[in-house]
Every structure is written in C-alpha cells, then in structure tokens.
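>
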Amino acid sequence: MAHRSLLARPISSEDDGVDPLRLGSRRVRRTMADALERFGPWLAVEGPRELSLLVGHLYPQLAPDLLEQCLARCQETAIWSCRPHISRAGFQRLAQSLQSTCFISQAAPYEDCVAPWAQAPL
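Be aware that the sequence shown starts at 8, since it is given in our numbering, and climbs by one per residue.
(1) Excluding sequence positions up to five away, which residues of its chain have a Cβ less than 7 Å from the Cβ of L58?
(2) DSSP puts I93 in a beta bridge; with which residues?
(3) Using only CA atoms, which one of R34, A42, V52 and V35 lies nearest to C89?
(4) With a Cβ-Cβ cutoff of 8 Å, do Q82 and P48 count as a contact?
(5) In angstroms, rounded to a whole number, what distance separates the CA positions of Q106 and E118?
(6) Skipping 5 residues on each side, what residues in its chain have a beta carbon closer than 7 Å to that of G63?
(7) Distance, Cα to Cα, S104 vs E44?
Spelled out as structure tokens, the structure:
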C-alpha cells in the first residue's frame, strides 16, 4: 500500500534513535510541523480512501464507507490544515462555530490559545 512508504520514513530528519516525543519542546514542535507538511502532499495524491484504510482501525464504530465520506468532506472543506501556523481569522471562525453550537460560552483570546511559534505571521 502507498501509505506504508509515508510511514516508513523517519518522522525526524535527525535520525539518532531517540524518541522525538521525549525531547525538548522545540524539537517536538519541529517534528510535528514536518509531519504535517508531509501529510498534505500525501493526502493530495492518495486521497480520503487511502486515509480511511490507514486509520479505519481507530474508528471501529464507523462503517468504512462512512469514514471515507467523512474524511472526503474534511478534505473538501479544508477542515484540517497542513501548515504549522494558525491564522487569527481561522481561529476566530472556529471560536464562532463553537459558540454558535454552545460548545463554549465565550471565546478565549488568540494569544492565550495559540503558542507563539504557531501564530501566523501578520
């Protein structure tokens, strides 16, 4: 399967045999940003079907075709981002959505929720 080649590559470019999740926060953030940057092109090529085959075991309560439809909808609406930055406008849209469904009662400030390294450049 095509997804194996994506997963077989090391997450960190510094393949020193150390678990990147146990290292300092700067390296963890860079590792996550690198993984997200690789995910976008992979998803563009492989698509929601391949992604559903890859993650289906994590959602045993969903029929495979329903999971694929959900992932396709997420891709079509650009609900996830493969960029390591969170825009102020995107944050505000999310906050408005969460407030409109009463999931949150009020929005927190962007600066309180988004780490400085993830804040989109002005």
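Yeah, the Cβ is synthetic: ideal placement off N, Cα and C, and Gly gets one too.
Reading it off the structure:
(1) Within the same chain, L58 has close Cβ partners L50 and L78.
(2) Among the bridge pairs identified by DSSP, I93 is matched with Q126.
(3) Comparing Cα positions, the closest option is A42.
(4) No.
(5) If I take the Cα positions, the gap works out to 18 Å.
(6) Closer than 7 Å at Cβ, skipping near neighbours: P71 and L74.
(7) Going by the C-alpha atoms only, they are around 26 Å apart.
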